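This report refers to the structure that appears directly beneath it.
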Amino acid sequence: MLQLQVLRENPEEIIKHLAIKHFDGGEIIPNIIALDDRRKETQKQLDDNLSQANILAKEIGVLFQTGKSAEANKLKERTTDLKNTSKELSINLESTKKELDELLVRVPNLPHSSVPPGNSAEDNMIVLEEGKIPVLPDNALAHWDLAGKYNIIDFNLGVKISGAGFPVYKGQGARLQRALINFFLDKAIEAGYAEVQPPLMVNSASGYGTGQLPDKDGQMYYMPLDDLYMIPTAEVPVTNIYRDVILKEADLPLKNVAYSSCFRREAGSYGKDVRGLNRLHQFDKVEIVQITRPEKSYQTLEEMREYVSGLLRNLELPFRILKLCGADLSFTSALTYDMEVYSSAQKRWLEVSSISNFETFQSNRMKLRYKDDSGKIHLAHTLNGSALALPRIVAALLENNQTEKGIKIPEALVPYTGFTAIHN
RNA sequence: GGAGAGAUGGCAGAGCGGUCGAUUGCGGCGGUCUUGAAAACCGUUGAGGUGCAAGCCUCCGGGGGUUCGAAUCCCUCUCUCUCCGCCA
């Protein structure tokens, strides 16, 4: 949620800026400002009213205590009007605030000045391409076929138990999952991230805090009986640890890493995008989250990008980094790098990580603040990124590393898998 | 799931319906003292809205009510704790 104060300062500039995200703020922004004016006005009237009532109440108190109940009772009559007006004004104020809030949450985050314009994912800017793309023989198999050949991932069994998008990992496939999770966690801890294990279900306040609600309501699994949402990413519970928290400046940057299963309804997906491991309802991910001082956040974003690049180098996967253009940038993000690995049998790039700076968009909603050395309170910046999401990494590993004798495990992973190849 | 107790500032813990945004202790910060530190002593120390400012207003788990006036009384919800039941 954008800060009202920022919005008021230069609405024209904001509207122009939001256009990069293809968001038309021409109407909503002036409406928000008008509503805020109304809010201030009503608040002022209410405050004055309450102030008068408070003064009267005190006078009445003194009169009663000094035994002048006749005068007190006379004064009482004067409070009736004030009470009625206050009641009216506070109802008015509440509805104005609600209206204001409803508009405010519909405005996306401002894109960073370096965000390239664009009309679709085609316009994302490739900032780096690294690693050798393997040339596979013509009979190379896609990962869903390899999964069957080596009996390591059973998609049909998942369908039987749950439905499409819930694969069952078996044998060396399950071991590989465990290896990747531990490898990613160990690396993150090495890089100074503190590990947390968060709940996999969250309440709606947390959903609002990180911006999944109300924007992506239909994308989360929801359990009405208990009013809980299955997390689509560990970003939600981990960032919400710091909801309504005032940190000390010395605590920053705050770095957390969490492994979690992630659950996504993926309503509206179809076709080759969802084949095999490409898009699942349940998958595993290691997520890194940082909370920083505003002036440090872009430096941190670059560090996180470099960190994730290091993981991909360790896994010996060819990858590229995209800077998302305005059209592809998410609602909450100011700047996002997507990391993609090349899956050589599918012959396509697969997104395995998305690293974003949300600036104060999340922290403003969450009231995540820090106190500086002089005692002043500021909103912190929040950032997060996958480091990494498993399924597409597995897809690329299987496809890129397939040989006659089985699937070769990258060296860095061998201590974790306990085997050097997947074979029958 | 059943019965009971409770929810107050970073923590602990007071608070007859009227000067309580809240006693006190600890912690934090500043100072005196000290070569430095500790101890002791003094001072200071919640958040938000609005305003140039002084100030005014709101917040004692959430919501509602009684009252001229609520941290204090009533209703309700949520959560925590204790006991019982069930149980990885």
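Counting in the numbering used here, the first sequence runs from 11 upward without gaps.
Even for Gly, the Cβ is constructed at its ideal location relative to N, Cα and C.
All of these numbers come straight from a predicted model, not from anything done at the bench.
Tell me the DSSP secondary structure of residue i in three-state form.
{"i": "residue 245", "result": "helix"}
{"i": "residue 315", "result": "helix"}
{"i": "residue 351", "result": "strand"}
{"i": "residue 361", "result": "strand"}
{"i": "residue 89", "result": "helix"}
{"i": "residue 194", "result": "helix"}
{"i": "residue 421", "result": "helix"}
{"i": "residue 274", "result": "coil"}
{"i": "residue 227", "result": "helix"}
{"i": "residue 6", "result": "The shown model of the chain, from 11 to 434, leaves out residue 6, and the question about it has no answer."}
{"i": "residue 251", "result": "coil"}
{"i": "residue 430", "result": "coil"}
{"i": "residue 308", "result": "helix"}
{"i": "residue 160", "result": "coil"}
{"i": "residue 215", "result": "helix"}
{"i": "residue 402", "result": "helix"}
{"i": "residue 286", "result": "coil"}
{"i": "residue 332", "result": "strand"}
{"i": "residue 235", "result": "coil"}
{"i": "residue 337", "result": "coil"}
{"i": "residue 63", "result": "helix"}
{"i": "residue 397", "result": "strand"}
State the beta-bridge partners of residue i as determined by DSSP.
{"i": "residue 267", "result": "205, 298"}
{"i": "residue 379", "result": "256, 389"}
{"i": "residue 293", "result": "272"}
{"i": "residue 184", "result": "In DSSP, residue 184 forms no bridge with anything."}
{"i": "residue 71", "result": "According to DSSP, residue 71 bridges with nothing at all."}
{"i": "residue 369", "result": "392"}
{"i": "residue 169", "result": "DSSP output for residue 169 lists no bridge partner at all."}
{"i": "residue 413", "result": "416"}
{"i": "residue 346", "result": "366"}
For the putative contact between residue i and residue j, defined by C-beta atoms under 8 Å, what is the C-beta separation to the nearest angstrom?
{"i": "residue 301", "j": "residue 423", "result": "Wrong, their Cβ atoms sit about 30 Å apart, outside the cutoff."}
{"i": "residue 3", "j": "residue 265", "result": "Missing from the structure shown is residue 3; the chain here goes from 11 to 434 and no further."}
{"i": "residue 405", "j": "residue 360", "result": "6 Å"}
{"i": "residue 131", "j": "residue 338", "result": "5 Å"}
{"i": "residue 344", "j": "residue 368", "result": "6 Å"}
{"i": "residue 193", "j": "residue 352", "result": "Their Cβ separation, rounded to whole angstroms, is 20 Å, which puts residue 193 and residue 352 out of contact at 8 Å."}
{"i": "residue 380", "j": "residue 258", "result": "7 Å"}
{"i": "residue 248", "j": "residue 304", "result": "Going by Cβ atoms, the distance from residue 248 to residue 304 rounds to 20 Å, so no, they are not a contact pair."}
{"i": "residue 395", "j": "residue 314", "result": "5 Å"}
{"i": "residue 89", "j": "residue 66", "result": "6 Å"}
{"i": "residue 28", "j": "residue 103", "result": "Actually they are not in contact, since the Cβ atoms of residue 28 and residue 103 sit about 28 Å apart, beyond 8 Å."}
{"i": "residue 364", "j": "residue 391", "result": "The Cβ separation is near 17 Å, so there is no contact."}
{"i": "residue 210", "j": "residue 307", "result": "That belief does not hold up - the Cβ atoms of residue 210 and residue 307 are roughly 28 Å apart, past 8 Å."}
{"i": "residue 349", "j": "residue 322", "result": "7 Å"}
{"i": "residue 109", "j": "residue 45", "result": "6 Å"}
{"i": "residue 334", "j": "residue 346", "result": "4 Å"}
{"i": "residue 12", "j": "residue 134", "result": "The Cβ separation is near 24 Å, so there is no contact."}
{"i": "residue 402", "j": "residue 250", "result": "Going by Cβ atoms, the distance from residue 402 to residue 250 rounds to 26 Å, so no, they are not a contact pair."}
{"i": "residue 93", "j": "residue 63", "result": "7 Å"}
{"i": "residue 127", "j": "residue 33", "result": "Not confirmed; about 13 Å, so no contact."}
{"i": "residue 218", "j": "residue 275", "result": "Going by Cβ atoms, the distance from residue 218 to residue 275 rounds to 18 Å, so no, they are not a contact pair."}
What ranges does the alpha helix (DSSP H) occupy inside the stretch 12–57, keeping only unbroken runs of at least 4 residues that lie completely in it?
With a minimum length of 4 residues, the continuous alpha helix (DSSP H) runs that stay inside the stretch 12–57 are 14–19, 21–28.
Alpha helix (DSSP H) segments (min. 4 residues) lying fully within the stretch 82–155:
The qualifying runs do not exist here; there are none.
Taking contact to mean at least 3 C-beta pairs separated by less than 8 Å, is the stretch 327–345 in contact with the stretch 137–152?
yes
Touch test, the stretch 398–418 against the stretch 148–163, Cβ-Cβ under 8 Å, three pairs minimum
In short, these stretches touch, since the Cβ pair count reaches three.
Meets three-Cβ-pair contact criterion under 8 Å: the stretch 238–248 and the stretch 207–222
Yes, the stretch 238–248 is in contact with the stretch 207–222.
Would you check if there are 3 or more beta carbon pairs closer than 8 Å linking the stretch 70–78 to the stretch 36–54?
no
Take every Cβ of the stretch 31–44, pair it with every Cβ of the stretch 112–120, and state whether three or more of those distances are shorter than 8 Å.
Of all C-beta pairs linking the stretch 31–44 to the stretch 112–120, three or more are shorter than 8 Å, placing the two stretches in contact.
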